[in-house]
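Chemist:
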Amino acid sequence: MATKLIRALYTDDDILMNAVKAVKEKKLHIEEVYTPFPVHGLDKALGLEDTRISAAAFLYGCLGLSVAITMMNYIMIQDWPQDIGGKPSFSFFLNMPAFVPVMFEMTVFFAAHLMVITFYLRSRMWPFKEAENPDVRTTDDHFLMEVALKGDLKELQEFLLDTGAVEVQIPKNNE
Amino acid sequence: MYQFSNRFRLVTFVLMALGLLGLGYGFLSAPSTVDEAKAMMAAGHDEHSSGHGDESHQSDAHVEDTHDYHLEEAVVAEADHHEEEGHQEEAAHAEAGHEADYSSGHGAEQAHGSHDASHDQHMLDQMKNRPWSAFYVAALFSFLIALGVLAFYAIQRASQAGWSPLLFRVMEGITAYLIPGAAILFLFFVLSSMHLNHLFVWMDADVVAHDKLIQNKSGYLNSPFFLLRALFFMGGWIFYRQLSRKYSLAQDLATDDSNFVKNFRWSAGFLAFFLVTESMMSWDWIMSVDPHWFSTLFGWYVFASFFVSGITTIALVTMYLKSKGYLEIINNSHIHDLAKFMFGISIFWTYLWFSQFMLIWYADIPEEVTYYVMRFENYKVPFFGMLVLNFIFPLLVLMRSDYKRVNWFIQVTGIVILFGHYMDFFNMIMPGTVGAYWGFGIAELGGILFFAGLFLYVIFTALTKTPLTPKRNPLIEESKHFHY
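Chains A and B supply the protein sequences, listed in that same order.
Going by our numbering, the first sequence opens with residue 1, and the numbers climb by one from there.
Going by our numbering, the second sequence opens with residue 1001, and the numbers climb by one from there.
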């Protein structure tokens, strides 16, 4: 059986941040924190690893740039060369300035869209998926911290209330 | 209180002395007669004079020859040839360019008759311009760095940014250079208007007499009005700098926030003033070296260039002070924010540079495109090298978040960016003043060294005057606790 997860609810992000630090100091394991909005610095307080999405974004941007170059080269130079504004398109290099806006837009397009898709996949989110947050109030004005039970239950409950929790829930069993 | 160490002071003096020697060498080695100029060309730059016969013609494109239009036409014809490699009619093109009569009032035959003599005189003028231009590019760039810092400072004040008040003293120290910088520049403009050099060809009555385009602009482009405007711009900027500095220091001793509020109001007013005067300054001091040419977003482009240089300078000075044990309250996040600005404004600069370039390249109007033809033909290395230094390098190096917190990384990048934007100004000034006879030698290096030394001396002297941390700025606590 997995360890029992105790849920502590907070109503303020500053109190939550201090609570997270206090819990960490006690060497208790925090399974997850649910917040209605991104809390600045929470990832660092929780000791989460840095996101790798920026590296992914860079690669997606490179992909978009390559697609744009290939596409413009095929469309404008190889398949159907035209003389636009007295600049016959016989060479990609000489016509390149005209393609830069497209190259830029495609880079941004690929980076942005693929990044969002990656983020959803990585967070295991898709349409019609059931919400995972244990308490609906975390979508409104409450912050919820799940702490793995270690030692005495009563003691932990007291401790969490001391850190400023407005409520501590002890679920019957964790599925 | 910051102590300007003797060693560092000595370094700045050595830089200034070396710079003066370099500039002096540049002035002494410039030719003073047509024969000397010809001899120098024959001796040193054979490839220039024989290899590309047309190159020297191109450099004429913007100035004083009476048959200006014909040459521009020739340049465009050649540009066409270079851009459309399908054409094999170079000779025909160039010929047509020379013969095509644009007929704007001045006789073509007569002009061709005096061609050789006026061309030689022109070559001499451009070669004589070289040390002056080397001096001017460095003087202008160092002054504009201080101006960029002033603009950044005013934005922080006007937006009441919470992260930056800890850096205010550093910024105020750098803007102290505005006064000596402006004095030097103004003296330079006065000397130019006295015809000691030939940088601003529209100051030469002979040129204007034969040039319809400049005649049309002479209501704006004339020496007295030019000097008056320069005084007005510099006066306004320095006035704000001194006033804001006064309020900033007074705020430390005050019991309320009234100085802070006054500073906020004056900063907002200054930004409005700056926006207009900066743009006009860029037309006057930079665009007018190519008096036939014009670009509507030039002011913005110049601004982006010296704005990013100014922010880079703030970062470099801050990190230097920190490495000496001052400003220990400045943390990684402040540096990170400055680096983000360096990154962002570098991209912004590229965006403006490209916007200006692409429209002119695509429209291919003779009077506009000569500007780039000149640079493509004669300035390949500085022109494209500067793009790599100012765009590709910061893009790749500063993109990663972690790297923006590594001090030595920012320092190396910052120096590259500063050099890159020096080259940007080099590319703005040199083609219009020395044309094809440019070089990057002792005179240019001397200009850089002299103004680097002067700049460092002035700003670090100013930094010793007051404590490096403001005391009673209402946002100082937020700035101290700034973390990202």
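Ideal Cβ placement from N, Cα and C applies to all residues, glycine included.
Would you tell me roughly how many angstroms separate the C-alpha atoms of B:Pro1177 and A:Ile77, rounded to the nearest one?
Modeler: Indexing the second sequence from 1 puts residue 1177 of chain B at position 177. Indexing the first sequence from 1 puts residue 77 of chain A at position 77. Before going on, a small fix: residue 1177 of chain B reads as Tyr here, not Pro. Their backbone Cα atoms lie some 52 Å apart in a straight line.
Chemist: For A:Ala112 and chain B, any beta-carbon pair shorter than 8 Å?
Modeler: Here the question's residue 112 of chain A lines up with position 112 in the first sequence. Cβ-Cβ to chain B under 8 Å: no for A:Ala112.
Chemist: Quick one: list the residues of chain A neighbouring B:Trp1361, beta-carbon separation under 7 Å, in chain order.
Modeler: Residue mapping note: residue 1361 of chain B aligns to position 361 of the second sequence, counting from 1. Simply Pro97.
Chemist: Between B:Gln1215 and B:Asp1204, what straight-line distance do the alpha-carbon atoms span, to the nearest angstrom?
Modeler: Here residue 1215 of chain B is taken as the residue at index 215 of the second sequence, counted from 1. Here residue 1204 of chain B is taken as the residue at index 204 of the second sequence, counted from 1. Taking the straight line from one Cα to the other gives about 11 Å.
Chemist: Candidates B:Val1412, B:Thr1277, B:Phe1306: which alpha carbon is nearest B:Val1149's?
Modeler: Counting from 1 along the second sequence, the entry for residue 1149 of chain B is found at position 149. B:Val1149 has its Cα closest to that of B:Phe1306, out of B:Val1412, B:Thr1277, B:Phe1306.
Chemist: So B:Phe1440 is in the beta strand (DSSP E); what residue range does that whole segment cover?
Modeler: As a position in the second sequence, residue 1440 of chain B is number 440, starting the count at 1. Element bounds for B:Phe1440: n/a, residue is neither H nor E.
Chemist: Taking the DSSP output, what are the residues bridged to A:Tyr10?
Modeler: Here residue 10 of chain A refers to the residue found at position 10 of the first sequence. Paired residue(s): A:Phe143.
Chemist: Let me know the beta strand (DSSP E) ranges lying completely inside the stretch 48 to 79 of chain A, each 3 residues or longer, listed in chain order.
Modeler: As far as the stretch 48 to 79 of chain A is concerned, it has no whole beta strand (DSSP E) run of at least 3 residues.
Chemist: Which value, in whole angstroms, describes the spacing of the CA atoms of B:Ile1184 and B:Ala1139?
Modeler: Numbered from 1 along the second sequence, position 184 holds the residue referred to as residue 1184 of chain B. Numbered from 1 along the second sequence, position 139 holds the residue referred to as residue 1139 of chain B. The alpha-carbon atoms of B:Ile1184 and B:Ala1139 are separated by roughly 7 Å.
Chemist: Which residue marks the beginning of the beta strand (DSSP E) containing B:Gln1411, and which one marks its end?
Modeler: The sequence position of residue 1411 of chain B within the second sequence is 411, counting from 1. Note, B:Gln1411: premise wrong, no beta strand (DSSP E); alpha helix (DSSP H) at 1407 to 1433.
Chemist: Taking the straight line between their C-alpha atoms, what separation do you get for B:Tyr1371 and B:Asp1252?
Modeler: To locate residue 1371 of chain B, count along the second sequence from 1; it is residue 371. To locate residue 1252 of chain B, count along the second sequence from 1; it is residue 252. Distance between the alpha carbons of B:Tyr1371 and B:Asp1252: 50 Å.
Chemist: Which of the residues in the stretch 57 to 68 of chain A, read from start to end, lie with their CB under 8 Å from any CB of chain B?
Modeler: Cβ contacts with chain B come from Phe58.
Chemist: Among B:Asp1035, B:Val1137, B:Val1201, B:Glu1328, which one has its Cα closest to the Cα of B:Leu1124?
Modeler: Reading the second sequence from its first residue, position 124 is the one you call residue 1124 of chain B. Out of B:Asp1035, B:Val1137, B:Val1201, B:Glu1328, B:Asp1035 has the C-alpha closest to the C-alpha of B:Leu1124.
Chemist: Just to confirm the assignment, what range does the alpha helix (DSSP H) spanning B:Tyr1362 have?
Modeler: For the purposes of this step, residue 1362 of chain B is identified with residue 362 of the second sequence, where counting begins at 1. Segment 1332 to 1363, the alpha helix (DSSP H) holding B:Tyr1362.
Chemist: Residues of chain A with CB closer than 9 Å to the CB of B:Met1399, please, in chain order.
Modeler: If you number the second sequence from 1, residue 1399 of chain B lands on position 399. In chain order: Ser54, Phe58.
Chemist: Could you confirm whether any beta carbon from chain A is found closer than 8 Å to the beta carbon of B:Phe1354?
Modeler: Position 354 of the second sequence, counted from the start, is the residue given in the question as residue 1354 of chain B. By this cut-off, B:Phe1354 is an interface position.
Chemist: DSSP state of A:Gln169, grouped into three classes?
Modeler: As a working note, residue 169 of chain A is residue 169 in the first sequence. DSSP places A:Gln169 in strand when its eight states are reduced to three.
Chemist: Kindly list, in the order they appear in chain A, the residues whose Cβ is closer than 9 Å to that of B:Met1358.
Modeler: Counting from 1 along the second sequence, the entry for residue 1358 of chain B is found at position 358. By Cβ distance, chain A contributes Pro97, Ala98, Val100, Pro101.
Chemist: What residues in the stretch 1359 to 1383 of chain B have a beta carbon less than 9 Å from any beta carbon of chain A?
Modeler: Correct list: Trp1361, Tyr1362, Ala1363, Asp1364.
Chemist: Anyone know if the C-beta pair for A:Leu160 and A:Ile30 falls short of 8 Å?
Modeler: Indexing the first sequence from 1 puts residue 160 of chain A at position 160. Indexing the first sequence from 1 puts residue 30 of chain A at position 30. Not closer than 8 Å, so no.
Chemist: Looking at the structure shown, is B:Val1076 part of a helix, part of a strand, or coil, going by DSSP?
Modeler: One-based indexing of the second sequence puts residue 1076 of chain B at position 76. Confidence is the limiting factor: at B:Val1076 the pLDDT is only 44, short of 50, which leaves the residue's position unreliable, though a coordinate-based value still follows. Helix at B:Val1076.
Chemist: A:Gly85 touches chain B at which residues, Cβ-Cβ below 9 Å?
Modeler: Counting from 1 along the first sequence, the entry for residue 85 of chain A is found at position 85. Chain B residues near A:Gly85: Tyr1362, Ala1363, Asp1364.
Chemist: Ordered along the chain, which non-local residues of its own chain (more than five positions away) have a Cβ less than 8 Å from that of A:Met72?
Modeler: Looking up residue 72 of chain A in the first sequence gives position 72. Within the same chain, A:Met72 has close Cβ partners Phe92, Phe99, Val102, Met103.
Chemist: So for A:Asp83, helix, strand or coil by DSSP?
Modeler: Working through the first sequence from its first residue, we reach residue 83 of chain A at position 83. Note: A:Asp83 maps to strand in three-state DSSP.
Chemist: Which of the three DSSP states, helix, strand or coil, is assigned to A:Ala98?
Modeler: If you number the first sequence from 1, residue 98 of chain A lands on position 98. Helix.
Chemist: Check each candidate in A:Leu28, A:Met125, A:Asp83 and name the one with the smallest Cα separation from A:Gly151.
Modeler: Taking the first sequence and counting its residues from 1, one reaches residue 151 of chain A at position 151. Selected option, being the one with the closest Cα: A:Leu28.
Chemist: When burial is assigned at 16 or more other CB atoms within 10 Å of the CB, is B:Asn1006 buried or exposed?
Modeler: In the second sequence, the residue the question calls residue 1006 of chain B occupies position 6. Exposed, because fewer than 16 other Cβ atoms sit within 10 Å of the Cβ of B:Asn1006.
Chemist: Whole angstroms are fine: how far does the CA of B:Phe1303 sit from the CA of B:His1112?
Modeler: Taking the first residue of the second sequence as position 1, residue 1112 of chain B is located at position 112. Taking the first residue of the second sequence as position 1, residue 1303 of chain B is located at position 303. Because B:His1112 sits at a pLDDT of 49, beneath the cut-off of 50, its placement in the model cannot be relied upon, and the following sentence gives the value as read from the coordinates. If you take the alpha carbons of B:His1112 and B:Phe1303, they lie about 41 Å apart.
Chemist: State the start and end residues of the unbroken beta strand (DSSP E) segment that holds A:Val33.
Modeler: Walking along the first sequence from the start, residue 33 of chain A turns up at place 33. Per DSSP, A:Val33 belongs to the beta strand (DSSP E) from 30 to 34.
Chemist: Span of the alpha helix (DSSP H) holding B:Ser1295?
Modeler: To locate residue 1295 of chain B, count along the second sequence from 1; it is residue 295. Segment: none, B:Ser1295 is in no alpha helix (DSSP H) and carries neither H nor E.
Chemist: CB-CB under 6 Å to B:Val1317, same chain, minus the five flanking residues each way: which ones, in chain order?
Modeler: For the purposes of this step, residue 1317 of chain B is identified with residue 317 of the second sequence, where counting begins at 1. Val1170.
Chemist: Can B:Ala1230 and B:Asp1284 be called in contact, C-beta distance under 8 Å?
Modeler: Locating residue 1230 of chain B in the second sequence gives position 230, where the first residue counts as 1. Locating residue 1284 of chain B in the second sequence gives position 284, where the first residue counts as 1. Yes. Within cutoff.
Chemist: Mapping DSSP to helix, strand and coil, what is A:Ala148?
Modeler: Stepping through the first sequence from its first residue, residue 148 of chain A is reached at position 148. It is a strand residue.
Chemist: Going by C-alpha to C-alpha distance, which of B:Phe1143, B:Ser1142, B:Leu1144, B:Pro1165 sits closest to B:Tyr1153?
Modeler: Counting from 1 along the second sequence, the entry for residue 1153 of chain B is found at position 153. Considering only alpha carbons, the answer is B:Pro1165.
Chemist: Judging by CA-CA distance, which residue of B:Lys1471, B:Ile1330, B:Val1190 is the nearest neighbour of B:Leu1260?
Modeler: Counted from its first residue, the second sequence places residue 1260 of chain B at position 260. Rather than Leu, the amino acid found at residue 1260 of chain B in this sequence is Phe. When each option's Cα is compared against that of B:Phe1260, the closest is B:Lys1471.
Chemist: Determine whether the beta carbon atoms of B:Leu1468 and B:Leu1249 lie at a separation below 8 Å.
Modeler: For the purposes of this step, residue 1468 of chain B is identified with residue 468 of the second sequence, where counting begins at 1. For the purposes of this step, residue 1249 of chain B is identified with residue 249 of the second sequence, where counting begins at 1. No; because the gap between Cβ atoms is not below 8 Å, this pair is not in contact.
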